[in-house]
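Scroll down for the structure; my scribbles are underneath it.
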Amino acid sequence: MDFKLHANWRPTGDQPAAIEKLTKGIKLGLQKQTLLGVTGSGKTFTIANVIANVQKPTLVIAPNKTLAAQLAQEFRSFFPENAVEYFVSYYDYYQPEAYLPNTDTYIEKEAQINEEIDRLRHRATQALLSRKDVIIVASVSCIYNLGSPQEYKNQVLHLHCGEKYERAQLIKELVKKHYERTNGAV
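According to this note's numbering, the residues represented by the sequence shown are 122 to 307, in order.
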């Protein structure tokens, strides 16, 4: 599916020139380009137009989770027919391990994982593996990936709506992929 931009307005001011220059740079294979603009100048809309022009899966990196969430919402409104996914660190809290030599104290790593954000990370990864019209909006923590794409694919069990499956065979396949049964709510 192509990226189809939905907007009730057209680029104005410096946006058309910026869109053209960035699009041309990507098509020429430029490795680095910068879009400058003050808050509210339409940078997200400009990039949305570039995405629509180049028709390539896109990674948008924001400096923090809050801005990434805002950008994801904006890109979803511009591309409602495409996969716009959110990929940020799943930690609500993270304290790395530490050693204090002056007191000979070891502090263990402590972390609290947000299950909803973990689910969104997997949804983003699945979108990348299954479609071409994907925009991933991430924070800089996206550099900490989910591992090898091939290993990730190997853990997926494809089920199709309307198909009939034998319970024993499904369990066997899940066990083979190292899934474990849980008695808790899913």
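Ideal Cβ placement from N, Cα and C applies to all residues, glycine included.
Since the model is a prediction, treat every value here as computed from it, not as a measurement.
Notebook entry, point to check: Nearest to Pro137 by CA position, among Leu241, Ala128, Thr167, Thr187, is which residue?
Noted result: The residue with the shortest Cα to Cα distance from Pro137 is Thr167.
Checklist line | Thr165 vs Leu192 beta-carbon contact at 8 Å | finding: In terms of Cβ geometry, Thr165 and Leu192 form a close pair [threshold 8 Å].
Check: Is it right to say Asp308 is buried, meaning 16 or more other beta carbons lie within 10 angstroms of its own, or is it exposed?
Finding: As displayed, the chain neither begins before 122 nor continues past 307, which places residue 308 out of reach and without an answer.
Check: How many angstroms separate the CA atom of Gln216 from the CA atom of Gly305?
Finding: C-alpha separation (whole angstroms): 28 Å.
Notebook entry, point to check: Given Ile238, which residues of its chain have a CB within under 7 Å of its CB, disregarding the five upstream and five downstream residues?
Noted result: Around Ile238: Val209, Tyr211.
Next item on the list: With a threshold of 16 other CB atoms inside 10 Å of the CB of Asp254, please say whether the residue is buried or exposed.
Entry: Flag for Asp254 reads buried.
Next item on the list: Go to Asp239, then tell me how far its alpha helix (DSSP H) extends in each direction, as first and last residue.
Entry: In the DSSP annotation of this structure, the continuous segment of the alpha helix (DSSP H) that includes Asp239 starts and ends at 236–251.
Check: Any idea if Ile228 is buried or exposed, counting beta-carbon neighbours within 10 angstroms, 16 or more meaning buried?
Finding: That one is exposed.
Checklist line | Cβ-based neighbour list, Val261, same chain, cut-off 7 Å, excluding 5 preceding and 5 following | finding: The answer, listed in chain order, is Ile182, Pro184.
Next item on the list: Excluding the 5 residues preceding and the 5 following Arg252 in the sequence, name in chain order all residues of the same chain whose CB lies nearer than 8 Å to its CB.
Entry: For Arg252, where only same-chain residues beyond five positions count, the Cβ hits under 8 Å are Met122, Ala204.
Notebook entry, point to check: From the DSSP output, which residues share a beta bridge with Ile182?
Noted result: Answer is Ala259.
Checklist line | Alpha-carbon to alpha-carbon, Thr246 and Val277 | finding: Computed Cα separation, rounded: 11 Å.
Next item on the list: Whole angstroms is fine: what's the gap from Tyr273's alpha carbon to Leu188's?
Entry: Answer to the nearest angstrom: the Cα atoms are 28 Å apart.
Checklist line | For Gln233, three-class secondary structure by DSSP | finding: Gln233: strand per DSSP, three-state reduction.
Item checked: Cβ separation of Phe200 and Ile256, assumed to be a contact under 8 Å, to the nearest whole Å -> Taking C-beta atoms under 8 Å as the contact rule, Phe200 and Ile256 qualify, at a distance of about 6 Å.
Next item on the list: From the DSSP output, in three-state form, read off Tyr286 for me.
Entry: Here Tyr286 sits in coil by DSSP.
Notebook entry, point to check: Quick one, are the C-beta atoms of Gln194 and Phe124 less than 8 Å apart?
Noted result: No; because the gap between Cβ atoms is not below 8 Å, this pair is not in contact.
Notebook entry, point to check: By how many angstroms is the C-alpha of Ala232 removed from the C-alpha of Glu218?
Noted result: Counting only the Cα atoms, Ala232 lies some 10 Å from Glu218.
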